[in-house]
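Asker: Sequence order for the protein chains is V and B.
Going by UniProt numbering, the first sequence opens with residue 1, and the numbers climb by one from there.
Going by UniProt numbering, the second sequence opens with residue 1, and the numbers climb by one from there.
From the three backbone atoms N, C-alpha and C, an ideal C-beta is built for every residue, glycine too.
Note that the structure is predicted; figures quoted are calculated from it, not measured.
Protein chains: 2
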Amino acid sequence: MALIESLAALSLATVSAEGAVATKTLVFKPKTAKTATPVPVLVFALQSTQTPSPLVAQAASVKEPRLAKDDLVQEFFAVSAKEVSIANLNKDLAGKIKIVIDQNIVDADESTVLELSTESAKASLPATTIKAFLESTGIELIPVDFSAAPVVPAPGAGAGAASASKGAKDAKKEAFKKEKEAAKIEGAQLIGITVDKAKDFSSWYSQVCVKSEMLDYYDVSGCYILRPNSYHVWEQIQDWFNFRIKKLGVKNSYFPMFVSQRVLEKEKDHIEGFAPEVAWVTKAGNSELDEHIAIRPTSETVMYPYYAKWIRSHRDLPLKLNQWNSVVRWEFKHPQPFLRTREFLWQEGHTAHLLKEEADLEVQQILDLYAGIYEELLAVPVVKGKKTENEKFAGGDYTTTCEGFIAATGRGIQGATSHHLGTNFSKMFDISVENPLGSDKPKVFAFQNSWGLSTRVIGVMVMTHSDNKGLVLPPRVSQYQVCVMPVGLNSKTSDEQKKVINDGAEKVEKRLKDAGVRVTGDYRENITTGWKFADWELKGLPVRLEYGPKDAEKDQVTAVRRDDGSKYVVKLSELETRIPEILEEMQEGLLSKARKDFDEHRVTVEEWKDFVPTLNKKNVIVAPWCGVAECEDDIKDSSAKKDNGEEEEVDEKAPSMGAKSLCIPYEQPPFKKNQKCVKCDLEAKYWCMFGRSY
Amino acid sequence: MALIESLAALSLATVSAEGAVATKTLVFKPKTAKTATPVPVLVFALQSTQTPSPLVAQAASVKEPRLAKDDLVQEFFAVSAKEVSIANLNKDLAGKIKIVIDQNIVDADESTVLELSTESAKASLPATTIKAFLESTGIELIPVDFSAAPVVPAPGAGAGAASASKGAKDAKKEAFKKEKEAAKIEGAQLIGITVDKAKDFSSWYSQVCVKSEMLDYYDVSGCYILRPNSYHVWEQIQDWFNFRIKKLGVKNSYFPMFVSQRVLEKEKDHIEGFAPEVAWVTKAGNSELDEHIAIRPTSETVMYPYYAKWIRSHRDLPLKLNQWNSVVRWEFKHPQPFLRTREFLWQEGHTAHLLKEEADLEVQQILDLYAGIYEELLAVPVVKGKKTENEKFAGGDYTTTCEGFIAATGRGIQGATSHHLGTNFSKMFDISVENPLGSDKPKVFAFQNSWGLSTRVIGVMVMTHSDNKGLVLPPRVSQYQVCVMPVGLNSKTSDEQKKVINDGAEKVEKRLKDAGVRVTGDYRENITTGWKFADWELKGLPVRLEYGPKDAEKDQVTAVRRDDGSKYVVKLSELETRIPEILEEMQEGLLSKARKDFDEHRVTVEEWKDFVPTLNKKNVIVAPWCGVAECEDDIKDSSAKKDNGEEEEVDEKAPSMGAKSLCIPYEQPPFKKNQKCVKCDLEAKYWCMFGRSY
């Protein structure tokens, strides 16, 4: 992670498609007097170069260098030893460390591409770029020809040192060649995902997001760039949702991103939750502002004073406004693409109604639309329900929610929430009208709702469907649904035959475009078909259309689905009908697979003894519950990993996190008689869904 | 302006529809020792109440109060005497001023609505709200019954004082009655625009923006709320433009709003123009940030480092990204709705190309789209052309522009610009690829364009079409194109007849909706038809459809166009075809009227002696010009109003601003032989458009 972030900051390269030569970065700590500050030696060499410590010692003029431990690496490079790379270098380190650099790298020519790697990330860059960067840091660079240098065997240097001495210029060239060959063979994998979804979910997720070109890490921590591959998903969601909320009479608008300190802090209770995360503008140009100005973390305090102003009579109700904007919450927790970002895109709807019934109805209508975005567009199943008192939006009367599930981690994830605020805010902001029954009756406060859905939905979609080949995108939201690729062409193919195939493929592309399919074509010639397939799989293309000499002969194309690899032979005469069908089949396939996963991992538990073991099997739980807040706290507490817990709770593999209530699902099967709460002795009131969660 | 802004800050009312009683706010300066700070007395009274200064002196215990001059009013209330109202009061004034309040206002009951007015604005508020506000300021309030109080005639009190003494309770009631009647008669005008477009354009504009519900003033100065009536226009523009740029291969994306100080200041030349206006985030929650973070004033430095990273080979070109976002430029000049705002919405396209020709072509394609937004959607004619070297975007090679014209002020206005950046930025950011001709050839820097269009377009549209009745919206962009209104119903109409008319109107509404017309209906019963008409005219509804007993009889509706009031009788059988036609006729009518205005006020001038007089007649000028930057400066300088200028330049009515070059129009009529520059002795190179401008 640190590597990728640092690279982003350096504006360096993305992972290269062509053969790159592997390198390694090692940090050594020389023997240092206790009172002195150590000067670590960083060794940057080809993976294939042996770098025995005596040579390092000799070159850097230090005593007894040993591989540095995590704390030292952390201190100097702000990452663990496993994650360190030259991307962690910066000018502040000049004078504080030394760099020993492999002569092979110094000698590398312009065409050489080097691969940097840490445990969680890889990136390939031209050697010249890397060298220029190293020089720009101002850190002392010490070139060493490890293969040529005379080795003074030292105690503890061992086999590595011995084998290093056999090298020469020839060996160096050999090493290059080998590396390059290895890279070529594994070409497709080099650009792909290098971490297993099942084994290291977090690194896998980060790689999928970046390598699929959904998103890139940005110079300002916690902020990310939404590239067209993800922004298109957001646009599809916007269109779908706008169309439907406008039918409900909601209108779009735009309120300023700024809130004055005075106004923001007016509603102490409301702001309390956001205060630690508010970003403050205090300066414009060189002038200090008289009053500090906040960037909206949400827009209640921005909008409601104007609702009070605009709503003068019951005829001004309902007022239903929505805005698509970005909000800023300067969280200090570890950021995560789409899921936890300091700036994020969302829509926030804020409505005011004369009657509670109207407001209640709208809360449900919006929740249904949110569920529709997940299920119909993103093919992600959700469970709709109500939040418990503990988990609801503090300012409101009740909160409804769509809850998703990430099968790979067994954790629940809050999808989107639709709140009924009652008259809590309308009383604070005096959003009121004369009583329609007569001015002698008390004035009436508006019943308000607010509801929001953010780009987090994209993260949930990525986590749900994607695999070790990369991104999987549901056809309804993907930028391209289909890519036509000429196949079966090789060096023996005549130019004439090539032209027939390319022209045929272009015709297929044109016909699909006219039929309203989001289609593109890949006619790149310098790369292999296999590499193309892998590249498009990485980027989540739903259906690849292969068109080769055999297809041309038989007036057909071969369609291959991204999610399960199933192949369809499609007659050209049926192109316009079959391709949309295949896309829809894939869309449905994704949803039903994900739904099966969720259904199988949403387990009914009635007795506490089964609760934590079930949870630890990557499930969420539906359990009978008393509805008492303290009992909910107790469940959370008791399902967290503790040193002194009951036996079944001390499970090494379980995350330390306790199970939160996710929602009280709307679907409530009947209870058996005298059903007790799963945790306490009270009678159960609801089935409640519990789980570890994001 | 100040009034409206202050009211916005107070979350007070918008202008009321019903009869309101006029008030006045006067500031008196008492005789004060030179060494002492004066304590002004603010008098707040009904317009009809005489408030002689001796009574003020007596009530406030001050000596010889005189109407205060501008400097004192400015010092205490931050506005001029003409603009002061009680909306300018705040807690900081407690202890520093006194308020004398008319007993009539103190006694006003709950149903009384008071009208506050300053020279440029009016607003009506319930008396109770006003009184609560006055009390909340903590300023000393001194109620005075001017009509009942015994008057001690004083030198200089004059006739006003004498006439004040005739009042009594009866007179007070009489005054109320008169005010209310006057208000009722002018009911329709009270909610409408109170300033003449031709006489006070700036106040007129501000009133149109606010009263039409396009926009509202916001608590943070320079920021405005875009209400649905204007945001809908923006959405129409987005849809239109997105559809067309996507065809050109441009993709939408989203980059973070933040830029680190280090990155922003990396390109010194680029940032220089923006630096004084950059808003800085320095704090998050209570933590000071280690590095200050800017809010983007534009996104070159945000995006281009990533362009350098993503563009690895000529196959990655062209890269064409666009984003719809908001940017912040903390200008300290006087803000103006839509035209100069501290946060504004825009789109910014940034593209990189392998070939200059490709980039050049795109610059023109985008400029044509911008002209299309103005002419096809907003019915605003523009002149396309190139900016002079003086006026082009400093970072680019050349700038193309659409220039509009505000007939009411005779000023030009820059519509939108499309820049070719050459390789200036690609060299700074190293956006380069290996030469496609071979790696031995020098690497190739990308040719870049950038282009942007902001919500300023909405302001230009408002200024162009709207009139003294309020907003005029072109049908293609208006939220509602048509509103159906039952007419001809009165207290004598039977319930049955009412139902027939209302049902009929609803049927018309339904049919138009099904035909894809953006239609609504106004079935409000407690207000008069005349008031409804005025209300919809104020809000810019393109076509009003009247449906009354006569229409029902004849199976017809009566359509009335907003722009010229022309009436059309439409047979119900032709509803779905005729209404869209009428809308299109209006759209074309608006454009041709505006084009006529622009054409008539774009005057060819060949001799300098005619230049300033022509300019002063609210024209822009097309003149032969030598193309020399210094000559351009000279033209600007010489056309500005100066005390010591030539005779024709000393024109009291001319604005002091000089004429800038607006563009070198693409349309270049042939020159006569040896055509000289309009200003200097050099030969003319182009026809150039000059004008005073926004």
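Ordered along the chain, which non-local residues of its own chain (more than five positions away) have a Cβ less than 8 Å from that of Ala629/B?
Answerer: Taking the second sequence and counting its residues from 1, one reaches residue 629/B at position 629. Only Thr388, Glu389, Asn390 meet the Cβ criterion.
Asker: Give, in chain order, every unbroken run of the alpha helix (DSSP H) that is at least 4 residues long and sits entirely within the region 312-399 of chain B.
Answerer: The qualifying runs are 356-372.
Asker: Can you confirm whether Leu355/V, when its beta carbon is compared against all beta carbons of chain B, has any partner nearer than 8 Å?
Answerer: Looking up residue 355/V in the first sequence gives position 355. It does not; no Cβ of chain B falls within 8 Å.
Asker: Answer yes or no: does any C-beta atom of chain B fall closer than 8 Å to that of Leu226/V?
Answerer: Counting from one through the first sequence, the residue named residue 226/V turns up at place 226. So, interface residue.
Asker: So, is the C-beta of Asp216/V closer than 8 Å to a C-beta in chain B?
Answerer: In the first sequence, residue 216/V corresponds to position 216, counting from 1. So yes, Asp216/V belongs to the interface.
Asker: Pick out whichever of Glu434/V, Leu437/V, Ala394/V has its Cα sitting closest to the Cα of Leu421/V.
Answerer: Taking the first sequence and counting its residues from 1, one reaches residue 421/V at position 421. Measuring from the Cα of Leu421/V, the nearest candidate turns out to be Ala394/V.
Asker: Can you grab the Cα-Cα spacing for the pair Val363/V / Asn616/B, in whole Å?
Answerer: Numbered from its first residue, the first sequence carries residue 363/V at position 363. Numbered from its first residue, the second sequence carries residue 616/B at position 616. Near 59 Å, if we compare the C-alpha coordinates of Asn616/B and Val363/V.
Asker: If you measure from the beta carbon of Leu437/B to each beta carbon in chain V, is any gap under 8 Å?
Answerer: As a first step, residue 437/B is located in the second sequence; it is residue number 437 there, counting from the start. No, no contact with chain V.
Asker: Does the beta-carbon distance from Pro486/V to Ala505/V come in below 8 Å?
Answerer: On the first sequence, position 486 is the one that residue 486/V refers to. On the first sequence, position 505 is the one that residue 505/V refers to. Contact: yes.
Asker: Please tell me whether Arg315/V has its Cβ less than 8 Å away from any Cβ of chain B.
Answerer: By 1-based counting over the first sequence, the position of residue 315/V is 315. Closer than 8 Å to some Cβ of chain B, the Cβ of Arg315/V qualifies, so yes.
Asker: If you run the structure through DSSP and keep just helix, strand and coil, what is Arg227/B?
Answerer: Here residue 227/B is taken as the residue at index 227 of the second sequence, counted from 1. If DSSP states are grouped into helix, strand and coil, Arg227/B belongs with coil.
Asker: If you drop the 5 nearest sequence neighbours on each side, which residues of the same chain put their C-beta closer than 7 Å to that of Arg342/V?
Answerer: Walking along the first sequence from the start, residue 342/V turns up at place 342. The answer, listed in chain order, is Gly222, Cys223, Val328, Arg329, Trp330, Glu331, Pro335.
Asker: Report yes or no: is there a C-beta of chain V within less than 8 Å of the C-beta of Phe241/B?
Answerer: Taking the first residue of the second sequence as 1, we reach residue 241/B at position 241. Not an interface residue.
Asker: Are the beta-carbon atoms of Asn90/B and Thr137/B separated by less than 8 Å?
Answerer: Indexing the second sequence from 1 puts residue 90/B at position 90. Indexing the second sequence from 1 puts residue 137/B at position 137. Their beta carbons are under 8 Å apart, which means Asn90/B touches Thr137/B by this criterion.
Asker: Mapping DSSP to helix, strand and coil, what is His419/B?
Answerer: The count along the second sequence starts at 1 and reaches residue 419/B at position 419. It is a strand residue.
Asker: Assuming Pro613/V is part of the alpha helix (DSSP H), what are its boundary residues?
Answerer: The residue given as residue 613/V occupies position 613 in the first sequence. From DSSP, the alpha helix (DSSP H) with Pro613/V extends over 608-616.
Asker: Less than 8 Å between CB atoms is the rule here; does Cys223/B satisfy it with respect to chain V?
Answerer: Mapped onto the second sequence, residue 223/B falls at position 223. Judged by the 8 Å Cβ criterion, Cys223/B is in contact with chain V.
Asker: So, for Glu213/B: in the same chain, excluding its five sequence neighbours on each side, which residues have a beta-carbon less than 7 Å away from its beta-carbon?
Answerer: Stepping through the second sequence from its first residue, residue 213/B is reached at position 213. So the qualifying residues of the chain are Arg227, Asn229, Lys539.
Asker: Would you decide whether Gln668/B is buried or exposed? Buried here means 16 or more other CB atoms lie within 10 Å of its CB.
Answerer: By one-based count along the second sequence, residue 668/B stands at place 668. Flag for Gln668/B reads exposed.
Asker: In chain V, which residues lie less than 9 Å from Leu390/B when you measure between Cβ atoms?
Answerer: Position 390 of the second sequence holds residue 390/B. The question names Leu, yet the displayed sequence has Asn at residue 390/B. The contacting residues do not exist; Asn390/B stays about 24 Å from chain V at best.
Asker: Counting only Cβ pairs nearer than 7 Å, list the residues of chain B close to Met257/V.
Answerer: On the first sequence, position 257 is the one that residue 257/V refers to. Going along chain B in sequence order, the residues near Met257/V (Cβ under 7 Å) are Ser326, Glu343.
Asker: Classify Arg315/V as buried or exposed, calling it buried when 16 or more other Cβ atoms lie within 10 Å of its own Cβ.
Answerer: One-based indexing of the first sequence puts residue 315/V at position 315. Counting Cβ neighbours within 10 Å, Arg315/V comes out exposed, since fewer than 16 surround it.
Asker: Give the residues of chain V in contact with Pro276/B, contact being defined as C-beta atoms less than 9 Å apart.
Answerer: For the purposes of this step, residue 276/B is taken as the residue at position 276 of the second sequence. What Pro276/B touches in chain V: Ala284, Gly285, Asn286, Ser287.
Asker: Quick one: grab the DSSP three-state call for Gly459/V.
Answerer: If you number the first sequence from 1, residue 459/V lands on position 459. If DSSP states are grouped into helix, strand and coil, Gly459/V belongs with the helices.
Asker: What separation, rounded to the nearest whole angstrom, lies between the Cα atoms of Ser80/V and Ser147/V?
Answerer: Here residue 80/V refers to the residue found at position 80 when the first sequence is read from its first residue. Here residue 147/V refers to the residue found at position 147 when the first sequence is read from its first residue. Rounded to whole angstroms, Ser80/V to Ser147/V spans 29 Å at the Cα level.
Asker: Using a Cβ cut-off of 7 Å, pull out every chain V residue sitting near Ser260/B, in sequence order please.
Answerer: Along the second sequence, one-based indexing puts residue 260/B at 260. By Cβ distance, chain V contributes Asp219, Val220.
Asker: Consult DSSP for Ala284/V and reduce its assignment to one of helix, strand or coil.
Answerer: For the purposes of this step, residue 284/V is taken as residue 284 along the first sequence, with counting starting at 1. Strand.
Asker: If we count Cβ pairs, one from each stretch, closer than 8 Å, do we get three or more for the region 364-383 of chain V versus the region 393-413 of chain V?
Answerer: Segments in contact, yes.
Asker: Compare the C-beta of Arg524/V with all C-beta atoms of chain B and state if any pair is closer than 8 Å.
Answerer: Working through the first sequence from its first residue, we reach residue 524/V at position 524. Arg524/V counts as touching chain B.
Asker: Tell me whether Glu75/B sits in a helix, a strand or coil according to DSSP, three-state version.
Answerer: Mapped onto the second sequence, residue 75/B falls at position 75. Helix at Glu75/B.
Asker: Between the Cα of Pro126/V and those of Gly548/V, Ala20/V, Thr37/V, Leu26/V, spot the shortest distance and give me the residue it belongs to.
Answerer: The sequence position of residue 126/V within the first sequence is 126, counting from 1. Looking at the Cα atoms, Ala20/V is the closest of the given residues.
Asker: Quick one: using the 10 Å Cβ neighbour count with 16 as the cut-off for buried, is Leu437/B buried or exposed?
Answerer: Locating residue 437/B in the second sequence gives position 437, counting from the first residue. Result: exposed.
Asker: Have a look at Asp360/B, Ser61/B, Val519/B and flag the residue whose alpha-carbon is nearest the alpha-carbon of Ile99/B.
Answerer: What you label residue 99/B is simply residue 99 of the second sequence in a count that begins at 1. Ranking Asp360/B, Ser61/B, Val519/B by Cα distance to Ile99/B puts Ser61/B first.
Asker: Give the residues from the region 466-491 of chain B that approach chain V closer than 7 Å (Cβ to any Cβ), ordered along the chain.
Answerer: Cβ contacts with chain V come from no residue of the region 466-491 of chain B.
Asker: In the DSSP assignment, what residue or residues form a beta bridge with Ala559/B?
Answerer: As a first step, residue 559/B must be located in the second sequence, where it is residue number 559. The partner list for Ala559/B (beta bridge, DSSP) reads Leu545/B, Tyr568/B.
Asker: Am I right that Phe28/V and Ala68/V are in contact with their C-beta atoms under 8 Å? What's the rounded C-beta distance?
Answerer: Locating residue 28/V in the first sequence gives position 28, where the first residue counts as 1. Locating residue 68/V in the first sequence gives position 68, where the first residue counts as 1. The Cβ separation is near 6 Å, so the contact holds.
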